[in-house]
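In what follows, a structure is listed as C-alpha cells, so that the remarks can point back to it.
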Amino acid sequence: MEPVQSVELVVPLSVVCAMIALGAQRSSTISLEEVYEGYQADPAFDHLSSTYRFVPGIGNTDADVLFVGEAPGKTEDTMGVPFVGPAGDILEEMLEEVFPDIANLPGIYLTNVLKYRPGERNRDPHVSEIQASIPYLTQEINEVNPYLIVLLGRIPTRTFYPGEVFKNIRGKVLDRRGRKVLVTYHPAAILYHRDKLPEYQEHFAKIGEIVADHRLAGATQGP
Ligand code: URA
15 MEPVQSVELV
25 VPLSVVCAMI
35 ALGAQRSSTI
45 SLEEVYEGYQ
55 ADPAFDHLSS
65 TYRFVPGIGN
75 TDADVLFVGE
85 APGKTEDTMG
95 VPFVGPAGDI
105 LEEMLEEVFP
115 DIANLPGIYL
125 TNVLKYRPGE
135 RNRDPHVSEI
145 QASIPYLTQE
155 INEVNPYLIV
165 LLGRIPTRTF
175 YPGEVFKNIR
185 GKVLDRRGRK
195 VLVTYHPAAI
205 LYHRDKLPEY
215 QEHFAKIGEI
225 VADHRLAGAT
235 QGP
C-alpha cells in the first residue's frame, strides 16, 4: 500500500522506524486498501470530501500498538498523513521518552476516527460522522490486529465507550475483544495544558509496560 513509502519524508523518524510492514498472514477478508476505498466512496462523507483530503491511517500494517485520534487537522489535511502537525510532535516526544532506543520501538499504526478534516475550525466530528466511520475503523483494527489500542482523547473514547465519562476511564487499561485498550488525552490537550504532562507521561509509561509484558509473554511461550 502506498502511504508507507510516500510518507517517509514527512513522518518523524521514530515513527518511520516502526513502519516496517511485515506482510503477515491475516485472518480478515478485507485489505486496508479496500477499507479506505470504501470510506472514500461512502456518501456519508460527501460534505467533507468535496473540500478536504482523505487521510488514511499510516504505519506498520502489522502493528503491536494502534493509536486512534479524532480527525485530521490542517497540516494533516495538507499532507494527507495523520499526526504530522503539532499534535504529532507531542506524540513523537512521548514515544521517544518511553522507547528511547529506536530498536525497541514496537510496531505502530496511527489513524483517526474521522478521516477528513471536519472544517476550518477543527470542530468535533458530528455523531453521524462518527457513526458512519465506525464500520471502517472496526475493519481497520481487525486488519492491523494490534494487541494494544490507545485512544487519544474524548472523541475516540466516546466512539469506543459511548456510555462512559472520559475522566472516569482516563489512564485505565481496559480489556476489549481480546485486546488491551488504554484511554488517554489527545496530544493537543498537552499542548494547551502543560500541567497534564506528568499524567500523560504516566499513561505512556503504561504503554511501555504493556509492550514489555507482551514481549515477555511471547518470549516465554513454549513451541
Ligand atoms: N489530531 C488528530 O486527532 N488526528 C490527527 O491526525 C492530527 C491531529
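Going by my numbering, the sequence shown opens with residue 15, and the numbers climb by one from there.
C-beta atoms are modelled at their ideal positions from N, C-alpha and C, and glycine is treated no differently.
Reduced DSSP secondary structure (H/G/I, E/B, other) of residue i
| i | result |
| --- | --- |
| N118 | helix |
| K194 | strand |
| I144 | helix |
| Y130 | coil |
| D227 | helix |
| D103 | helix |
| Y175 | coil |
| G73 | strand |
| Y199 | coil |
| E138 | The sequence given here has Asp at residue 138, not Glu. D138: coil per DSSP, three-state reduction. |
| D56 | coil |
| V95 | coil |
| Y123 | strand |
First and last residue of the uninterrupted beta strand (DSSP E) at residue i
| i | result |
| --- | --- |
| F81 | 79-83 |
| V164 | 162-166 |
Nearest to residue i (by Cα), restricted to the options the options
| i | options | result |
| --- | --- | --- |
| P149 | S45, Y53, T43 | Y53 |
| A226 | L62, G121, F59 | G121 |
| T65 | E47, G94, G71 | G94 |
| F59 | I144, T92, T75, L46 | I144 |
| V69 | G167, A101, L124 | L124 |
Residue j beta carbon less than 8 Å from that of residue i
| i | j | result |
| --- | --- | --- |
| V98 | E90 | yes |
| V197 | K186 | yes |
| I163 | R208 | no |
| D78 | H228 | yes |
| P100 | L205 | yes |
Endpoints, alpha helix (DSSP H) assigned at residue i
| i | result |
| --- | --- |
| Q235 | Per DSSP, Q235 belongs to no alpha helix (DSSP H) and is neither H nor E. |
| F180 | 180-183 |
*Can we say the stretch 109-124 touches the stretch 214-224, given the rule of at least three CB pairs closer than 8 Å?*
yes
_Three or more C-beta pairs under 8 Å: does that hold for the stretch 70-87 against the stretch 135-143?_
yes
*Tell me, please, whether the stretch 58-75 touches the stretch 124-132 by the rule of three or more beta-carbon pairs shorter than 8 Å.*
yes
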